[in-house]
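Read left to right, the sequence shown gives residues 472 to 730 (my numbering).
A virtual CB, placed ideally from N, CA and C, is assigned to each residue, including glycine.
If you're wondering where the values come from, they're calculated on a predicted model, not measured in any experiment.
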Amino acid sequence: MRYATKAARMGAFLIDGVALSFIMLLCSVVSVGLGIIASSAGGILYFGLLEGSSMHGTLGKYLMGIVTVDESGRPIDYGKSFTRAICRLLSGFIFGMGYLIGLFDEEGKTLHDRIAGTRVITRASLSQAQAAYYGNREERQTAANRPVQSGFAVQPKLIGVTGTYAGQAFLIGAQGMLMGRDQTACDFVFAGSAGGISRMHCKVQYNQQTGMFILYDLGSSYGTFLANGVRVQQGQPAALRPGGQFYLAEQGCMFMVDL
């Protein structure tokens with residue numbers, strides 16, 4: 472996942488402020504009572520309805536190419552979106568200190584993100600996750616024994632097995648997928664607080680000719696391991712068949728590669 476930049480979030484904040492002001496003004500013109508309702512609850516309805524919808528974000532977020540998701544990177548439902556909208560009121564207290572927290576957080580998480588259990592990522596990250604194939608449990612268990620069929624279009628993917636990303640799938644591009652905490656260099660970005668994950672931890676690629684995945688350790692401090700516990704040494708790539716598994720630092724951060 473690529474987190475939304477602070478500039479993108481600030482841009483969305485300003486656009487949403489203008490949109491809300493226009494809505495409140497329009498409501499006041501139509502009816503004084505409607506204007507009062509819009510002034511008191513307009514923000515909650517605006518953020519709650521839009522972020523829980525298929526847009527996954529407000530007008531400002533849509534224009535800035537970012538969306539609101541939960542801690543696992545999944546779109547939020549209306550329950551969580553309205554919780555986040557109400558928590559925004561807390562972020563606005565004491566001169567907006569809850570918003571300022573996001574300026575000093577590596578993931579850009581504000582107070583209402585922390586309370587509601589949400590984060591803001593790029594729309595491209597969400598599209599990549601949604602486009603990937605998830606598969607069911609039986610398919611995953613038999614994937615390692617399934618022969619690679621040449622001549623067919625394949626979609627190499629990384630699937631979370633345990634940990635924060637369990638059940639999620641991410642497409643692996645032609646250049647491979649670099650995993651780590653560095654938001655500027657990595658394709659798969661972990662939270663800054665992720666224990667044992669280096670800034671540039673490992674890289675996984677798919678070789679179309681051999682039908683195998685290649686796993687590289689990039690000199691990580693806590694290591695990259697195959698499912699059997701064998702550590703992948705830096706400079707010594709490890710080959711994985713579709714359905715093969717590996718983990719970063721500990722088994723609670725396990726992934727599988729598949730087609």
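Within the region 699 to 726, the runs of beta strand (DSSP E) that reach at least 3 residues and sit entirely inside it are, in chain order, 709 to 711, 716 to 719. Within the region 475 to 510, complete alpha helix (DSSP H) segments of at least 4 residues are found at 477 to 501, given in chain order.
If you keep only unbroken beta strand (DSSP E) runs of at least 3 residues inside the region 513 to 577, you get 537 to 541.
According to the DSSP assignment, residue 582 belongs to the alpha helix (DSSP H) that extends over 582 to 587. The DSSP-derived three-state label of residue 656 is coil. Counting along the chain, residue 651 sits inside the beta strand (DSSP E) bounded by residues 648 to 651. Sequence-distant partners of residue 697 (beyond 5 residues in either direction) whose C-beta falls short of 7 Å from its own C-beta, in its chain, are 703, 709, 717. Note on geometry: alpha-carbon atoms of residue 572 and residue 517 lie some 23 Å from one another.
Nearest to residue 713 by alpha-carbon distance, out of 681, 673, 478, 722, is 681. In this chain, the beta strand (DSSP E) harbouring residue 685 covers 683 to 688. Sorting 706, 488, 570, 725 by C-alpha distance to the C-alpha of residue 634 places 725 at the top. Excluding its 5 nearest sequence neighbours in each direction, residue 526 has C-beta neighbours in its own chain below 7 Å: 533, listed in chain order. Residues of the same chain with a CB within less than 8 Å of the CB of residue 536, apart from the 5 flanking positions on each side, are 479, 593, 594, 595 in chain order.
DSSP places residue 594 in the helix class (H, G or I) of the three-state scheme.
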